[in-house]
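Novice: Numbering (the numbering used here), first residue to last: 24 to 145. Using N, Cα and C, we set each Cβ at its ideal position, and we do this for glycine too. Predicted model only: the values in this text are computed from it and were never measured.
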């Protein structure tokens, strides 16, 4: 069972996504900040990271760059509640820095499963 880490500062989004991941057959972990996410990466075998683009402190793009430098084989999917932000991010960074796709919030279980499956297949 692959472990998927979601790094998102919104507690409800984090917890809901973990439940959705578990329903889709993955082990879900959550982190509230970039720093917490990096610590969880060091402590766990993570197969994929979902990163919120807009977070206080280190934003999702900065975090994605650091994740890719430290764990270059771990795929990253960007998530954002701002559709235009997610679209711009994916257009500029898809295929670079370990970013394998993006998904706009709110998303369904089917959309999440498709994004995770696709990113893990690359």
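#1: What would DSSP say about residue 26, mapped onto helix, strand or coil?
#2: Tell whether a beta-carbon distance below 7 Å holds between residue 83 and residue 74.
#3: In the structure shown, what three-state DSSP assignment does residue 146 receive?
#4: Cutting at 8 Å between CB atoms, please list the residues of its own chain near residue 109, excluding the five before and the five after it.
#5: If we call anything under 7 Å between Cβ atoms a contact, is residue 80 one with residue 99?
#6: Quick one: grab the DSSP three-state call for residue 83.
#7: Quick one: what does DSSP say residue 127 is sitting in, helix, strand or coil?
#8: If you draw a straight line from the C-alpha of residue 34 to the C-alpha of residue 144, how long is it?
#9: Whole angstroms is fine: what's the gap from residue 78's alpha carbon to residue 32's?
#10: Whose C-beta lies closer than 8 Å to the C-beta of residue 41 among residues of the same chain, with five residues either side of it excluded?
#11: To the nearest angstrom, report how far apart residue 203 and residue 26 are at their CA atoms.
#12: In the DSSP assignment, find the unbroken alpha helix (DSSP H) run with residue 77 in it and report its ends.
#13: For residue 142 and residue 96, I'd like the C-alpha separation in whole angstroms.
Specialist: This is what the structure gives:
#1: In the structure shown, residue 26 sits in a strand (DSSP, three-state: E or B).
#2: Between residue 83 and residue 74, the C-beta spacing is below 7 Å.
#3: Any question about residue 146 goes unanswered here, given that the chain covers just 24 to 145.
#4: Confidence in residue 109 is poor, its pLDDT being 49 and thus under 50, which makes the residue's placement unreliable; the coordinate value appears in the next sentence. For residue 109, where only same-chain residues beyond five positions count, the Cβ hits under 8 Å are 76, 101, 102, 103, 125, 126 and 127.
#5: No, these two residues do not count as a Cβ contact at 7 Å.
#6: DSSP places residue 83 in helix when its eight states are reduced to three.
#7: In the structure shown, residue 127 sits in a strand (DSSP, three-state: E or B).
#8: The straight-line gap separating the alpha-carbon atoms of residue 34 and residue 144 is approximately 28 Å.
#9: In a straight line, the C-alpha of residue 78 is about 6 Å away from that of residue 32.
#10: For residue 41, where only same-chain residues beyond five positions count, the Cβ hits under 8 Å are 29, 51, 52 and 53.
#11: For residue 203 there is no data in the structure shown, the boundaries of the chain being 24 and 145.
#12: Neither: residue 77 is in no alpha helix (DSSP H) and is coded neither H nor E.
#13: Residue 142 and residue 96: Cα-Cα distance of roughly 11 Å.
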